[in-house]
Every structure is written in C-alpha cells, then in structure tokens.
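In the numbering used here, the protein residues as written are 2 to 608.
Read through the structure below, which is laid out as structure tokens, and then see the notes.
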C-alpha cells in the first residue's frame, strides 16, 4: 500500500461546485453537492448524448464503475451541443436509452462546463476524496489511466484516513414496460412484416404488418456478443439472399440474421473498437470496427456508416473483407474525392440508383456519394448543411436550409429523399430536381429511421418507442424557420500569433512510446480556411505557433491530437500500449485583447 509520505505529488486545485438548471437524475430526487461526496473519488464525465465519443466513454467507464463501486462516484454532467439536448425530457430519455447507471447533472446552460473550463466532449475530471481536482482527460481511451489513478488514490487516502467507503448516491429509476424501448432502425421484410432494432433492449424485434403486434424477439435482451446477444444494435440491411445485416453498434461488429432459421452469426469485426493505427482493410473477422450505426446494400457491397471514426466502410460478402471507402477520420464537412472527404458521425444510409445518401448527424447535413466522372472512385457532395456548428429548422432552397442532427434517410419513389430530422422531431424532404427542402411531418419524437410500405412511410419514433405510419403527404407542412449555433461560448484570441499547446502527461507508470518513431501527432485546420495564415497541417509536436488572420473576427479552429504511451517497466517484455486521442472544434473570436495562448488538455493538468 502506498504511504501518505510516498504518495504521488499532484497539483491541488479546489473543485468548483456542481450546478445545473436541469437538476439531478438517478438520485431519487436528491440534489447532490461536492460536500455530499467528500471521502469518495469523484469522476465527472462531461458528455452530451449526440456525441459518439461520449457514448464510447460511457462504455469504457462501465467496468471501472462496477469494480470500484464502494469508493468511486461517477457523475455525468450533461452539457448540450444542440438545442434539443437542452430539453430536460430529452436528457431523461438519453440516460435511460444508454443505460447510464450513475447520477447525472442536467446542465443546459453549461454552467458547470464553464466553471471547469471544459473545451471538448467528452472530458473527464477526477476529484480526490478531499475535494481537489487531480486529473483531466479529453477524448477516449483513458480507462486504463483512470483505473491506475483510482488505485493510487484509494491507497493514498486509505492511509490518510480520508477515504470513505460505502454505497454511492445512484438510485435506479423505475422501469417502464413497452414492446419497444428506444428502437433505432427498421426494415420491411419480404413477408410484409417489419424488423426493428430494439436498441436499448439489445434485441431485434419482428413486428407484424400492422407495425404493432410482436411476432418474435431475437436476442437474449442482455448485452453480449454471443450467438443470442447484441449490444445496442442499430442499422439493418436486406441482402439479395434474404438474410439481414445488422449494425451491432456497441459490439463494433456486423452480424447476419437469417429470418428463415433465426440464426445469428458475426460477419465483420472483432468486438474491439478500432483505434488510429489499426488495419483499415482485410479479412472482415480480423479487422476492428468502430460503432457502425447504419448499413445499406449498394453496388454489390454492404456500405457501413462508421459513426465512431467519421467514415464509410464496405463489407464484401463475396470476399469476406472490409475496407475504408470514404472519409479520413477527421470530423467535419469537406466534400470531394471520397478518400479526402470529412464526415461527422454518419448515422443513416439509403441507396438510390447511382447515389448513396448519407445522414451526417453532427454536421446536421444530408450528403451523397456517386461515381466520379472519370470512373475512378467516388465523390462526396453535400446537398443540405453547412458544418459542425450551424443547425436549425429552415425550409426552402437547399443552400440555406437547416436540419438538426438527422439520423435517418429514405429514398422515395419520385427520386427525392425523406430525412429523419431527429432533433427537430420532424420528417423532411429534399428534392434534387428542384433543390428544395420541405417539411413533411412534425410532432414526431426523435425519429431515427423510416421505411416505405406501399403508399405509406413508416417512421421509427425512437423516443415514443413505436413505429408510426404516415400517408406520404402531397403538400408540405408550414414551419416557422429557426436557426441556431452551438451553445458553447467562443474563446477570445488575439490576432497574429497564437500558441497552441496540447497538454499531455503520460499516466502514472507509463511513458511515451518512441520505439518506432514519434508517438504524438497534431493536425490543425480552420473554418473558414482563411482564418489561419500559418500553422495548419500535420506535425508530430503537441504544440504549434498559429498565425491568425487579424482581418477575420470569428471562426473555428479544428485540432486533432493523438499520443501513444506504454507501460514503463523494464522487466516487462510485452508492455501494454494505449492510444489517447481527441478532436476539438474551438469557436474563436479574434479581438485585440484576446489570449495569445490556447491550451487544450488531452491528459493531465495545464500547469
């Protein structure tokens, strides 16, 4: 056991109080304060439910949460990006949808986010039993570092007498009985029945043609990766042979379900999440995937919306291989050749002749792939949407129309497409012939997918736990236009030279892995591109001198950082290595009195 005298020396910064107008969830109605948590190790998880990286961190924390339940209290601080995420009812739904088994503070105005100077989703902040901040981590991949730090803090504060063991403040909400619980996607089977991914219950559900009567359930209903288990399944695609490919999202895999026999097999993925440096093509069962969210059969392959890495992949059932098809893993909205395009959490796919439509959720956009004019690969084009920070509900010309975090897209018989505009609770339509966006239906609760059934369109109302049948309307619904920007306050920076520092301290017991070259990577760009007069591009140092254009008053800095660290034990012949990675989109305003240094914490504390 580590003695108090030999305990690691750490910066001691008093943790600000936890405040949020939305109040507390999963506490049985009790408001929590840091004083209530004194004596416990507290991990604040700043998250928002639209963010795939945040969902990855929720899964990373589950084992730590269970193993250290008597010493560690995880507090989710819900900090919205989109307007819909600031609705308290939506946060309540998300906490149930993603099986969050710890207290959550609903902070719709980002009060606690600002108190802790957080700049990215997700961010983890560790508070010791005496109420001091001892570590901060942005992004994914920090579970191993947290486990080590928790063990050190337990030993240190056990010795000091400042550790208090016991039950935590989590109180489970009452379960609600419905046939479906936050369904994700749906498919019309040749029989006329519907197959639905019942995501929160980790099952597939076959419904009769009425869309209501349960015919059968597939899967145990418990999280798992066996022949009778799924983990938050989403997308479904019917193959020519009558079998169905399932995007088994949290298992990072594709499964194949045979409606005739009821059998389920894994056809792609290992069950492990893909990380930078992992293979991007090869035998399907040997290559890691990352949160596949939807699938579609197009041009003789299954196309995969790989939400976890902002890419599109393909699975070829003939060769049993997977490969990256579009996207760089950078998050944003960049059109052009597929290999150079940027996506942001693609979540819905629809094949329509020579086009593959994509609902790109984090850029609130509708995009499509088609063959390049020279026949060499594919091109990516944006039909509706402008980028990561602008969203709303505005109809009219596609160049100025706005969506809000769409998750589904459906090809319609007349060549137009229907968009499940999830956070606007609406079904929208884009007509490529006229370039117009209209609204087909409103008052749908978080629609996530839609399928055609004769003259009807059947919508998955995820937050109403049902399928809703609509007659395809001939006229649009009139909706008052609204436009929003992300709720984060911009950082004031000075024009001219700006020092960018990505703070990274290797976790205790680890060191940077330089055996095969540089162990860090930094990529910087901006929106608009003219914001940066110098400093953009890739490099291996975690610091950069940026030259800002003093003639521009605002923009967004896009920063992507990665660091690899390995166990620092000379006697260990096979040290475990870990990748720490985060993407930041930092809104900035350029002012004469702005900061000349921009620190972004990847792991550690900014001195």
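A virtual CB, placed ideally from N, CA and C, is assigned to each residue, including glycine.
Predicted, not measured: the structure shown is a model, and the values here were computed from it.
Alpha-carbon to alpha-carbon, residue j and residue i
i, j, result
"residue 341", "residue 503", "25 angstroms"
"residue 106", "residue 301", "47 angstroms"
"residue 402", "residue 428", "14 angstroms"
"residue 542", "residue 536", "12 angstroms"
"residue 604", "residue 39", "24 angstroms"
"residue 176", "residue 526", "46 angstroms"
"residue 158", "residue 165", "9 angstroms"
"residue 439", "residue 415", "15 angstroms"
"residue 90", "residue 32", "18 angstroms"
"residue 2", "residue 156", "Bear in mind that the predicted position of residue 2 carries a pLDDT of just 33, short of 50, making it unreliable; the figure below should be weighed with that in mind. Whole-angstrom Cα-Cα distance: 6 angstroms."
"residue 309", "residue 269", "15 angstroms"
"residue 288", "residue 463", "31 angstroms"
"residue 305", "residue 361", "13 angstroms"
"residue 609", "residue 352", "Nothing in the structure corresponds to residue 609, since the chain is present only between 2 and 608."
"residue 443", "residue 395", "13 angstroms"
"residue 256", "residue 236", "11 angstroms"
"residue 114", "residue 108", "8 angstroms"
"residue 63", "residue 144", "10 angstroms"
"residue 5", "residue 161", "Bear in mind that a pLDDT of 37 at residue 5, under 50, signals an unreliable position, so the model cannot answer this."
"residue 65", "residue 130", "17 angstroms"
"residue 71", "residue 599", "38 angstroms"
"residue 534", "residue 545", "13 angstroms"
"residue 211", "residue 417", "26 angstroms"
"residue 36", "residue 102", "21 angstroms"
"residue 501", "residue 522", "13 angstroms"
"residue 239", "residue 299", "11 angstroms"
"residue 393", "residue 215", "36 angstroms"
"residue 513", "residue 519", "9 angstroms"
"residue 58", "residue 338", "32 angstroms"
"residue 85", "residue 424", "6 angstroms"
"residue 378", "residue 42", "52 angstroms"
"residue 493", "residue 112", "18 angstroms"
DSSP state of residue i mapped onto helix, strand, coil
i, result
"residue 401", "coil"
"residue 8", "Confidence in residue 8 is poor, its pLDDT being 45 and thus under 50, which makes the residue's placement unreliable; the coordinate value appears in the next sentence. Correct three-state label for residue 8: coil."
"residue 447", "coil"
"residue 84", "helix"
"residue 2", "For residue 2, the predicted structure reports a pLDDT of 33, less than 50, and the residue's modelled location is therefore unreliable. The matter cannot be settled from this model."
"residue 413", "coil"
"residue 253", "coil"
"residue 363", "helix"
"residue 465", "helix"
"residue 530", "helix"
"residue 626", "Residue 626 is absent from the structure shown; the chain starts at 2 and stops at 608."
Limits of the beta strand (DSSP E) - the one that residue i falls within
i, result
"residue 422", "418-422"
"residue 557", "555-568"
"residue 486", "483-486"
"residue 248", "245-249"
"residue 76", "73-79"
"residue 458", "457-462"
"residue 520", "Where residue 520 is concerned, there is no enclosing beta strand (DSSP E), given that its DSSP letter is neither H nor E."
"residue 186", "Careful: residue 186 lies outside any beta strand (DSSP E) and carries neither H nor E."
"residue 217", "215-219"
"residue 181", "Run containing residue 181: none; DSSP gives neither H nor E here."
"residue 266", "265-269"
"residue 235", "234-239"
"residue 441", "437-442"
"residue 377", "That residue, residue 377, is in no beta strand (DSSP E); it is neither H nor E in DSSP."
"residue 427", "427-432"
Host alpha helix (DSSP H) of residue i (start-end)
i, result
"residue 63", "53-68"
"residue 490", "Run containing residue 490: none; DSSP gives neither H nor E here."
"residue 98", "89-98"
Cross-strand partners of residue i (DSSP beta bridge)
i, result
"residue 199", "204"
"residue 579", "566"
"residue 497", "549"
"residue 392", "485"
"residue 505", "604"
"residue 588", "557"
Chain B contact for residue i (CB, 9 angstroms cutoff)
i, result
"residue 580", "Here chain B cannot be found, since the structure has a single protein chain."
Heavy atom of the ligand SAM within 8 angstroms of residue i beta-carbon
i, result
"residue 363", "This structure simply doesn't include the ligand SAM, nor any ligand for that matter."
Alpha helix (DSSP H) runs contained entirely in the segment 286-348, provided each spans 4 or more residues = none
Uninterrupted alpha helix (DSSP H) stretches inside the segment 107-173 (no shorter than 4 residues) | As far as the segment 107-173 is concerned, its whole alpha helix (DSSP H) runs of at least 4 residues are 112-116, 144-161.
Can you give, in chain order, each stretch of the beta strand (DSSP E) that sits fully within the segment 30-54 and has at least 3 residues?
-> 42-48
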